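In terms of UniProt numbering, the numbers along the sequence shown are unbroken and rise by one, the last being 613.
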Amino acid sequence: MFSHKHKIAGTNAYKELQLTVSRRTESVASFVQQRIWLHERLYFHSSDLSIYNILVPLIIKQGSLSIERIRSIVLTLIEQHTVLRTAVRFNPQSNQIEQCIQAATDDIYSFKHSRGISTSEQLDRLLTIESIGKHFDVETGRVVRCHIIQRSNDEHDHLLMEGDLLAITFHHISFDNSSLKPIMEAFKKACWTDRHKKPVSSILQYIDFTLYEQTMLADTRMDSKMNKARQFWFNVMDGYDWSRIRQLVPDKTDIKQIRSGRGFSTAFSINQHVVDAMMLCASSNNITMFTLSLSCYYAFLFKLMNDDDLCVAGNIANRFVQETKDMIGMFVNLVPYRIKIEPNESFDQLLRKVQQLSSNILEHGCLPYQHIINSYDQREHEVLPSTLFHYESLMSSITQNNKLEATTNDGTVLGIYFDRDRSHGNGTALFDLSFTIAHDHHSRSTECFLDCSADIFHHQADVDLLANRFLHMLTQLFSSSMTDDPMHNQYSMPISRLSLILPEEIEEMQGVIFCRLPTIMNEAPASYAQARIWLDERIRFDSEKSQIAVYNMPFIYRSFPNHTLSVQQLYNALQLVLAKHQTLHTSLIFDTETNILMQRVIELNDNNKRLLH
Numbered sequence: 001m002f003s004h005k006h007k008i009a010g011t012n013a014y015k016e017l018q019l020t021v022s023r024r025t026e027s028v029a030s031f032v033q034q035r036i037w038l039h040e041r042l043y044f045h046s047s048d049l050s051i052y053n054i055l056v057p058l059i060i061k062q063g064s065l066s067i068e069r070i071r072s073i074v075l076t077l078i079e080q081h082t083v084l085r086t087a088v089r090f091n092p093q094s095n096q097i098e099q100c101i102q103a104a105t106d107d108i109y110s111f112k113h114s115r116g117i118s119t120s121e122q123l124d125r126l127l128t129i130e131s132i133g134k135h136f137d138v139e140t141g142r143v144v145r146c147h148i149i150q151r152s153n154d155e156h157d158h159l160l161m162e163g164d165l166l167a168i169t170f171h172h173i174s175f176d177n178s179s180l181k182p183i184m185e186a187f188k189k190a191c192w193t194d195r196h197k198k199p200v201s202s203i204l205q206y207i208d209f210t211l212y213e214q215t216m217l218a219d220t221r222m223d224s225k226m227n228k229a230r231q232f233w234f235n236v237m238d239g240y241d242w243s244r245i246r247q248l249v250p251d252k253t254d255i256k257q258i259r260s261g262r263g264f265s266t267a268f269s270i271n272q273h274v275v276d277a278m279m280l281c282a283s284s285n286n287i288t289m290f291t292l293s294l295s296c297y298y299a300f301l302f303k304l305m306n307d308d309d310l311c312v313a314g315n316i317a318n319r320f321v322q323e324t325k326d327m328i329g330m331f332v333n334l335v336p337y338r339i340k341i342e343p344n345e346s347f348d349q350l351l352r353k354v355q356q357l358s359s360n361i362l363e364h365g366c367l368p369y370q371h372i373i374n375s376y377d378q379r380e381h382e383v384l385p386s387t388l389f390h391y392e393s394l395m396s397s398i399t400q401n402n403k404l405e406a407t408t409n410d411g412t413v414l415g416i417y418f419d420r421d422r423s424h425g426n427g428t429a430l431f432d433l434s435f436t437i438a439h440d441h442h443s444r445s446t447e448c449f450l451d452c453s454a455d456i457f458h459h460q461a462d463v464d465l466l467a468n469r470f471l472h473m474l475t476q477l478f479s480s481s482m483t484d485d486p487m488h489n490q491y492s493m494p495i496s497r498l499s500l501i502l503p504e505e506i507e508e509m510q511g512v513i514f515c516r517l518p519t520i521m522n523e524a525p526a527s528y529a530q531a532r533i534w535l536d537e538r539i540r541f542d543s544e545k546s547q548i549a550v551y552n553m554p555f556i557y558r559s560f561p562n563h564t565l566s567v568q569q570l571y572n573a574l575q576l577v578l579a580k581h582q583t584l585h586t587s588l589i590f591d592t593e594t595n596i597l598m599q600r601v602i603e604l605n606d607n608n609k610r611l612l613h
């Protein structure tokens, strides 16, 4: 299976394990397979949607391909890569979740053929159904689906022509996003079967990685990779209140564990000026856009949840062994990014903490999620975090896209179908709140995608409002950072001063709180206290003789160290205080006709703007 490590004579060094072909057809399931199998049954067993489908749509770019040839290619793929015909099920005798490779028969995958899909709306709807339909039976190894989509309805029913599609869907238990390039390479080889086909027994398979993983976890050396990772995660999660990890809103206990799988989604672009400022911030601080984006998400959650101990799920590719980089399978490990935020912590300080955390997690992300949470007696629940952060670094160049193409021996070219509309989701949600930031370095553009569980967010408007609040927060952080004036540098501002309240909401609140009702009079007799001070100033302290204002009450404030406040911000704040408290813009006038001291509220209008001196 793999060469054993051995101690080198005269040293304390150990030779690392090597991943080799085992030729096994059964074993315990990998930890990632176990996690998906458990989560699907614990949280989504009653859902009529599938939240673990991965759709790979291929389009005929040039030439034609017969349906019979396509079915042969797909079966070759499944035969050569055994993870695509592997059953995952619970064995009551061993009390374990196991994987078992099935025979490569014609019915080991699901097949469908559709014709007359002529409009883009029809195609988008069909692909959405493919991405959420319950097509698979993990317990029997049916984890692949092939759907042939013909745009026309002509007599060439047996041929796929240019513009037709081949939609291949995988269950996530057998496939991850990093498997996209390996599957295209495998597709190329399957198109040239006679030249490239190898005996299955000579190919490294996913089951071999599972056995390798088990051996790595069993390594008892204190300085082993897994033991170092265990210690790291123990320190990161020490003291965390695990009862809150499933609660997007703290102290809310009426959230059901079982999920419907349904969700609302929204997509939005970040303003170009903000994107430019973010890229400048990342470059000048020597951090990645991933670190910057995650820091922004932390700041957003800090304000949204009013919680300073945040735990966000993230994905690690987990292909740390070189041989796994070209393998098809599910390797992605789920890891908890936990961070504690101090109320007066600046965004710049948060950036440094996230940078260090991300670097350490990348190094120790190989420890399976179950091992991370099992250290805290969470095995019974296989607890799934409420929120996920995902970052995509997009490669928009033609060269990159051309790598995701396959050419048959007769010159037919197939490629990934990239024209699908991403502005809306597929109506599913794995987490209560999933946030994806997709940044394209070539076009200097950034798109964001919010997927929210319908069990928590009951309306599309709720999700759209979240997106607007996030954009508003980014504006506060980055809109003025391009200026040279350090007074406008918002990175040193405490995160607690960021606001998720939109400008239009502030205007609405001011209209409700600060506007006087028409039935309230602007003039009335002065209070006894007002009359006493007014008389005292005129009788005892004649304004023409006295040079001292005895009734002035100074209040002196200063900013915290390293914090700034612009004159304009201070002026605006004082104007709001004046508007709210009428006594601060009230004059005292003696009415000689009635012989009464009157108080009169001065209206804040265009003629009375300057009440501050």
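For each residue, glycine too, the CB sits at the ideal point set by N, CA and C.
Given the structure is predicted, the values throughout are model-derived calculations rather than measurements.
Coil, strand or helix - residue i by DSSP
| i | result |
| --- | --- |
| Tyr240 | coil |
| Ile60 | strand |
| Cys296 | helix |
| Lys198 | coil |
| Val312 | strand |
| Cys366 | coil |
| residue 628 | A question about residue 628 goes unanswered here, because the residues of the chain that appear run from 1 up to 613. |
| Ile113 | For the sequence presented, residue 113 should be read as His rather than Ile. The answer is strand: DSSP assigns His113 an E or B state. |
| Ile416 | strand |
| Thr387 | strand |
| Ser396 | Only weak support is given to the placement of Ser396: the predicted model assigns it a pLDDT of 46, under 50, and the value that follows is read from those uncertain coordinates. Correct three-state label for Ser396: coil. |
| Glu504 | helix |
| Phe331 | coil |
| residue 619 | Any question about residue 619 goes unanswered here, given that the chain covers just 1 to 613. |
| Ala438 | strand |
| Thr169 | strand |
Residues of its chain near residue i, where Cβ-Cβ distance is below 6 Å and the 5 sequence neighbours each way are ignored
| i | result |
| --- | --- |
| Asp157 | none |
| Glu392 | Ala438 |
| Ser131 | Asn53, Leu55, Asn426 |
| Asn153 | Arg115, Gly116 |
| His371 | none |
| Val312 | Tyr337, Thr387, Phe389 |
| Ser295 | Leu350, Leu351, Val354 |
Cross-strand partners of residue i (DSSP beta bridge)
| i | result |
| --- | --- |
| Met598 | Pro525, Ile589 |
| Ile101 | Thr86 |
| Asp137 | Arg142 |
| Gln96 | Asn91 |
| Lys225 | Bridge partners of Lys225: none, in fact. |
| Thr407 | Val413 |
| Asp451 | Ser265, Ser434 |
Close beta carbons around residue i, own chain, < 8 Å, minus the five adjacent residues each side
| i | result |
| --- | --- |
| Val21 | Met1, Ser201, Ser202, Ile203, Leu204, Gln205, Asp208 |
| Leu19 | Phe2, Leu204, Asp208, Phe209, Tyr212, Val321, Glu323, Thr324 |
| Tyr491 | Cys281, Ser346, Phe347, Asp348, Leu351, Leu477, Ser481 |
| Ile533 | Tyr551 |
| Asn177 | Ile54, Val332 |
| Trp192 | Thr408, Asn409 |
Residue from the options with nearest C-alpha to residue i
| i | options | result |
| --- | --- | --- |
| Ala531 | Ile589, Gly116, Val413 | Ile589 |
| Arg420 | His113, Leu123, Thr82 | Leu123 |
| Glu139 | Ser499, Leu465, Glu98 | Glu98 |
| Val601 | Thr594, Pro525, Asn595 | Pro525 |
| Leu474 | Lys112, Ala461, Arg497, Gln102 | Arg497 |
| Arg230 | Leu367, Ala579, Glu121 | Leu367 |
| Asp137 | Ile149, Ile108, His390, Thr119 | Ile108 |
| Ala467 | His458, Asn235, Leu502 | Leu502 |
| residue 656 | Lys189, Met553, Leu576, Ile101 | In the structure as shown, the chain begins at 1 and stops at 613. Residue 656 is therefore absent and cannot be evaluated. |
| Met289 | Asp276, Ile556, Ile596 | Asp276 |
| Leu604 | Ser587, Met598, Thr592 | Ser587 |
| Lys580 | Met509, Trp192, Ile258, Gln214 | Met509 |
| Ile522 | Ala461, Asp464, His585, Asp462 | Sequence inspection shows Asn at residue 522; the Ile mentioned does not correspond to that position. Ranking Ala461, Asp464, His585, Asp462 by Cα distance to Asn522 puts His585 first. |
| Arg444 | Ile270, Lys228, Thr220, Met184 | Ile270 |
Beta-carbon contacts of residue i that lie in its chain and below 7 Å, excluding the five residues immediately before and after
| i | result |
| --- | --- |
| Glu345 | Pro494, Ile495 |
| Ser64 | Leu159, Leu160, Met161, Thr412 |
| Asp451 | Gly263, Ser265, Gly425, Ala429, Ser434 |
| Phe232 | Asn360, His364 |
| Phe300 | Phe470, Met473 |
| Lys340 | Asp308, Asp309 |
For the stretch 57 to 67 against the stretch 143 to 163, do three or more pairs of beta-carbon atoms, one drawn from each stretch, fall closer than 8 Å, so that the two count as touching?
Using a Cβ-Cβ distance cut-off of 8 Å, the stretch 57 to 67 and the stretch 143 to 163 are in contact, since at least three pairs of beta carbons, one from each stretch, lie closer than that value.
Please confirm if the stretch 71 to 86 is in contact with the stretch 430 to 450, defined as three or more CB-CB distances below 8 Å between the two stretches.
Result no; under three Cβ-Cβ pairs closer than 8 Å.
Stretch-stretch touch, CB-based, cutoff 8 Å, three pairs: the stretch 141 to 152 with the stretch 83 to 92:
Yes, the stretch 141 to 152 touches the stretch 83 to 92.
Segment contact, 8 Å Cβ cut-off, at least three pairs: the stretch 325 to 333 with the stretch 165 to 175:
Taking 8 Å as the limit for Cβ pairs, the verdict is that the stretch 165 to 175 does touch the stretch 325 to 333.
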